[in-house]
Amino acid sequence: MELRQLRVFEAIVTHRTVTAAAVALDLAPSSVSEQIRTLERSLGVDLFERAPRGMTLTPAGERLLPWARTLLDQAEQARREVAEARPTLRLGALETIAATYVPTVLARLAERRPDLDVSLHTDAARDGLLGGVAAGELEAALILDTAGPLGELGFNLPPAPLAHLDLEDVPLALVAAPTHPLGKADALTTEDLRGHRLLVNVPACSFWLAGERLLGHAVERVRTGGVAVTRACAEQGLGVALLPEFAVRDELAAGSLIRLPLPTPGLHLRLVWRSDRESVPGLREVLYAAAA
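Everything in the sequence shown is counted per numbering that gives the first Met the number 0, starting at 0 for the first residue and increasing by one.
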């Protein structure tokens with residue numbers, strides 16, 4: 000049983016198919032398949048159930064999974080200690096919050112852990128960040144979620160034991176152009192928005208999911224794009240938009256957008272990591288150093 004085989008094993012657990020694991024590891028699919036077959040032969044058991052929709056762990060695979068993570072973590076720790084390298088935190092972050100919230104987190108880490116190097120990786124997709132944490136490619140990731148258990152906003156979690164810590168609130172605002180028909184209202188309910196258009200990005204977007212929780216099916220969804228495009232379309236009177244306050248603060252101050260008087264629950268900036276990696280020396284202290 001070799002470390003490279005365990006890395007391939009964990010990548011398939013995270014990405015569910017040989018092809019996706021091969022892309023993540025920058026290997027040929029045939030090499031990934033051969034590594035897993037070799038590992039299974041060495042252990043004398045099947046680790047995966049193969050199906051057209053992907054690969055799932057057998058009971059033996061489930062038993063190997065925590066051992067694989069422990070062995071890979073110990074190998075990485077040994078490498079760092081032998082090389083006398085400074086500890087590094089590979090931190091992922093959603094692109095939508097990278098410029099506004101991540102610098103504050105990095106500043107806290109720099110103040111509290113000056114011995115630490117931080118490698119920042121941004122991604123437009125939450126799934127890519129969570130998959131990176133699950134696969135051990137990232138120590139932690141900053142995502143958006145709502146109050147409650149991880150994933151309560153409505154997104155799927157990878158098959159890995161994940162823990163989280165809420166760092167700060169991310170308020171939302173329901174906005175529209177000053178000329179919008181609802182712009183003169185003193186108060187609104189969800190029913191008041193029935194028949195109006197909500198400008199959205201893609202279904203996996205945090206702000207789309209927040210809109211689902213707030214408005215349900217009361218409004219028509221119109222796909223626009225990312226935050227900047229959605230904001231610009233709202234300014235042109237093409238519909239209403241549910242966006243983070245930081246993204247519309249200047250437009251609200253200038254009067255090119257108005258806040259519609261409907262209470263909007265905010266989101267939380269969450270730091271997510273694998274709970275089974277907290278035994279890695281110093282990791283838990285580093286993660287909590289990022290908190291306010």
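Ideal Cβ positions, reconstructed from N, Cα and C, are used throughout, including at glycine.
Residue i - containing alpha helix (DSSP H), residue span
{"i": "residue 131", "result": "125-133"}
{"i": "residue 30", "result": "28-42"}
{"i": "residue 234", "result": "226-234"}
{"i": "residue 175", "result": "Looking at the DSSP string, residue 175 is not in any alpha helix (DSSP H); the run it does join, the beta strand (DSSP E), is 171-175."}
Integer Cβ distance of residue i from residue j, believed to fall under 8 Å
{"i": "residue 92", "j": "residue 119", "result": "7 Å"}
{"i": "residue 56", "j": "residue 12", "result": "7 Å"}
{"i": "residue 161", "j": "residue 271", "result": "6 Å"}
{"i": "residue 176", "j": "residue 235", "result": "7 Å"}
{"i": "residue 173", "j": "residue 261", "result": "5 Å"}
Proximity winner among the options, relative to residue i (alpha-carbon distances)
{"i": "residue 290", "options": "110, 22, 14", "result": "110"}
{"i": "residue 59", "options": "68, 260, 265, 46", "result": "46"}
{"i": "residue 124", "options": "104, 156, 115, 107", "result": "156"}
{"i": "residue 94", "options": "116, 106, 140, 1", "result": "140"}
{"i": "residue 89", "options": "237, 96, 108", "result": "108"}
{"i": "residue 265", "options": "284, 252, 244, 259", "result": "244"}
{"i": "residue 250", "options": "261, 232, 275", "result": "232"}
{"i": "residue 263", "options": "112, 106, 208", "result": "208"}
{"i": "residue 150", "options": "205, 112, 96, 193", "result": "205"}
{"i": "residue 269", "options": "104, 86, 224", "result": "104"}
{"i": "residue 215", "options": "228, 44, 193, 223", "result": "193"}
{"i": "residue 168", "options": "153, 146, 189, 154", "result": "146"}
{"i": "residue 5", "options": "220, 38, 23", "result": "38"}
{"i": "residue 203", "options": "248, 51, 183, 153", "result": "153"}
Per-residue DSSP class, three states only, for residue i
{"i": "residue 14", "result": "helix"}
{"i": "residue 99", "result": "coil"}
{"i": "residue 47", "result": "strand"}
{"i": "residue 243", "result": "strand"}
{"i": "residue 107", "result": "helix"}
{"i": "residue 266", "result": "strand"}
{"i": "residue 249", "result": "helix"}
{"i": "residue 185", "result": "coil"}
{"i": "residue 210", "result": "helix"}
{"i": "residue 65", "result": "helix"}
{"i": "residue 19", "result": "helix"}
{"i": "residue 154", "result": "coil"}
{"i": "residue 60", "result": "helix"}
{"i": "residue 288", "result": "helix"}
Sheet register partners of residue i (DSSP bridge)
{"i": "residue 163", "result": "271"}
{"i": "residue 92", "result": "121, 141"}
{"i": "residue 258", "result": "174"}
{"i": "residue 25", "result": "According to DSSP, residue 25 bridges with nothing at all."}
{"i": "residue 116", "result": "87"}
{"i": "residue 168", "result": "267"}
Minimum Cβ-Cβ distance from residue i to chain D less than 9 Å
{"i": "residue 156", "result": "The displayed structure is made up of one protein chain only, and chain D is not part of it."}
Element boundaries [beta strand (DSSP E), containing residue i]
{"i": "residue 196", "result": "196-199"}
{"i": "residue 56", "result": "53-56"}
{"i": "residue 222", "result": "219-222"}
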